[in-house]
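Here the numbering used here is used: the first residue of the sequence shown is 3, the next is one more, and so on. Shown next, in structure tokens, is the structure this report addresses.
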Amino acid sequence: MKLLVKFVLLALGVCVLARDQDRPVCIVGAGPAGLSAAAELELKGKGYPLTDRHSSTFSPLGALIFTPPTYRESIKLLLKTGVNSVPFVSGEKWQYNASSGSIWAKPSLPPQAMQHFMQEVRRYVDWWNKNFVIYNVAPGYPHGIPPELTVPAAEWLARNGYQTLQAAFVQSMVAYGYGDYRQVPIVYMLQYLTPSVLTTLLKVQQGSMIEIADFHRALQIFADRFIAGEIHLDTTISHIDRTGESPIITYQTSPNSTPKTQSCAALILAFPPTLSSLQNAGLDISDEEREVFTSVGTHTFYSGAVRLSTPHAMTFGAASAHPGLPPDATGDPVVFTKLHSDLDIAITSSWGPYRENLTRDQAYARLKSTLSAFNKDPRDAGVSAGTVSDEDVLAFQENEYFPHYDSQQLREGYYELFEGLQEQKGTYYASGFNMFELVEYALRAGQDVAKRFFWFVEFYLPSAKLYTGHASI
């Protein structure tokens, strides 16, 4: 049975490497990494075909915050596209137990405990600035990863004498789809929780106002205004062949059309390189690639938009047995809140077990049942919660999220193996996986690959085309 996986193919008739207009540098993946690589190649006069697995050229992005200096490329994107930020107040915090149906206001930390917590935050920030900033500069971990940074985040925090910072890690990871800190290596969390990001997320957790932005919209505007070429929807990509002298992409512009081929001077895979994603792209996978990418793990993460009767300026989170532990990864929603004061729509995050199967139908059923139990103003005991129907669920998306290595692979030098695959079979890899799954680092990864490996300055200026559609396996 054929599986349809959506992709985008951007084919620019520009080829610097081969000095041939018919053989562009092809980019597979029209997200932040693909678009930033495309923009960088255009500056050099190079072309690219680009593919993505969504029906539009960009998938909705969960990242909303932006903080200098961490989000330096993201801020440039917002400024260039004119996308303005909007204020967001997470407001009161409420916790719930999906099994029992209980809900309660989250208590504040006592003054002495808060003082101790902030002391640990300052110690963490000081350590990060002195010891980790070198690993946050360039994608691909060119400086290697020290053994002490390959251990799970929980173990690293305990080894370094932190006693209260664990709660901040748990809340920052669970709500945004980054898993269990008892499993995820600390190096990834250090990339995520930079001093500026940690400070911003603490403001969110404390209910203070922050500025958020729609990166999805920014990328759409960026592609429309600053990427040359026509956009053609519903193009089916069936195969990427790299057995010959150069990569060849086979595609159809409509279901009944004759398959066409695009010969590429080089291929940039600008999506998280999980084995399943590579296979769904129709890629002929080498033994070396299979070894490197089989070990990449992802989290089952679901994002939704649901019409609710809960108040604005109020955030609901799943409770756990202990502040230093995440809630169980059952597929239930772990957080929901309304971002905009003029909309009765809450964004939701649900997560399931790591490297295990949880079907979309299971997570969808849990979403409706859990939200139905708490769909009201929790301060009003005299009002019953309203049932959440299918019509109330405006969007519910399954994400193969946060691809990363486990501690064992990091200790065994798998990022060095990954970096060794760059240029092999005319293929290059650019995504958040090069550093960490965050829109900022995906932008940097696309730029990094284009700058490091495509440095020629001679160019052609033929027309460009963007194809969007499906890859069928």
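Idealized CB from N, CA, C, for every residue including glycine. Computed from a predicted model, the values in this text were never measured in an experiment.
- Comparing alpha-carbon positions, the option among 194, 197 and 116 lying closest to residue 165 turns out to be 116.
- Shown here, residue 359 sits in coil according to DSSP, grouped into three states, outside any helix or strand.
- In the structure shown, the three-state DSSP call for residue 418 is helix.
- Around the beta carbon of residue 359, fewer than 16 other beta carbons lie within 10 angstroms, which makes this residue exposed.
- Under DSSP, residue 316 shares a beta bridge with 94.
- Counted as a single uninterrupted DSSP element, the beta strand (DSSP E) harbouring residue 269 occupies residues 268-271.
- By the C-beta criterion, the region 95-111 is judged not to be in contact with the region 139-151, since fewer than 3 inter-stretch pairs fall below 8 Å.
- In the structure shown, the three-state DSSP call for residue 46 is coil.
- Note that the C-beta distance between residue 44 and residue 449 is not below 8 Å.
- At a Cβ-Cβ threshold of 8 Å, residue 430 and residue 250 do not count as neighbours.
- By a beta-carbon distance limit of 8 Å, residue 387 contacts residue 374. Their separation comes to about 6 Å.
- Between residue 216 and residue 328 a beta carbon distance of about 28 Å is seen, past the 8 Å cut, so the two are scored as non-contacting.
- Short of 6 Å from the beta carbon of residue 395, and not among the five residues preceding or following it, lie these beta carbons of its own chain, in chain order: 308.
- Between the region 277-296 and the region 338-351 there are fewer than three C-beta pairs closer than 8 Å, too few to call the two in contact.
- When secondary structure is reduced to three states using DSSP, residue 211 falls in the strand class.
- Looking from the CA of residue 292, the closest CA among 306, 282, 276 and 304 belongs to 276.
- Nearest to residue 408 by alpha-carbon distance, out of 390, 298 and 196, is 298.
- Taking C-beta separations shorter than 8 Å and ignoring five residues to either side along the sequence, the partners of residue 453 in its chain run 42, following chain order.
- Residue environment for residue 345: exposed (fewer than 16 other C-beta atoms within 10 angstroms of its C-beta).
- Around the beta carbon of residue 103, fewer than 16 other beta carbons lie within 10 angstroms, which makes this residue exposed.
- Bridge partners of residue 306 according to DSSP: 350 and 398.
- Residue 77: member of the alpha helix (DSSP H) spanning 74-83, first to last residue.
- One thing to note: residue 402 has its Cβ within 8 Å of the Cβ of residue 279.
- Contact annotation: residue 310 and residue 377 have beta-carbon atoms nearer than 8 Å.
- Around residue 296, the same chain offers 277 as residues with beta carbons nearer than 8 Å, after the five sequence neighbours per side are excluded.
- Cβ neighbours of residue 169 within its own chain (closer than 7 Å, five residues either side excluded): 325 and 326.
- Short of 7 Å from the beta carbon of residue 294, and not among the five residues preceding or following it, lie these beta carbons of its own chain, in chain order: 416, 419, 420 and 423.
- If you draw a straight line from the Cα of residue 26 to the Cα of residue 428, it comes to about 12 Å.
- Sequence-distant partners of residue 99 (beyond 5 residues in either direction) whose C-beta falls short of 7 Å from its own C-beta, in its chain, are 321.
- Beta bridge pairing from DSSP links residue 338 with 318 and 350.
- Residue 35 places its beta carbon less than 8 Å from that of residue 445.
- Shown here for residue 333: same chain residues with a beta carbon closer than 8 Å to its own, the five before and five after excluded, namely 302, 304, 352, 353, 354, 360, 364, 365 and 368 in chain order.
- According to the DSSP assignment, residue 262 belongs to the beta strand (DSSP E) that extends over 262-265.
- Classified as buried, residue 158 has 16 or more neighbouring CB atoms from the shown chains inside 10 Å of its CB.
- Excluding sequence positions up to five before and after residue 154, its CB lies within less than 8 Å of the CB of 183, 184, 185, 186, 187, 188 and 409, all in the same chain and listed in chain order.
- Looking from the CA of residue 223, the closest CA among 442, 432 and 37 belongs to 37.
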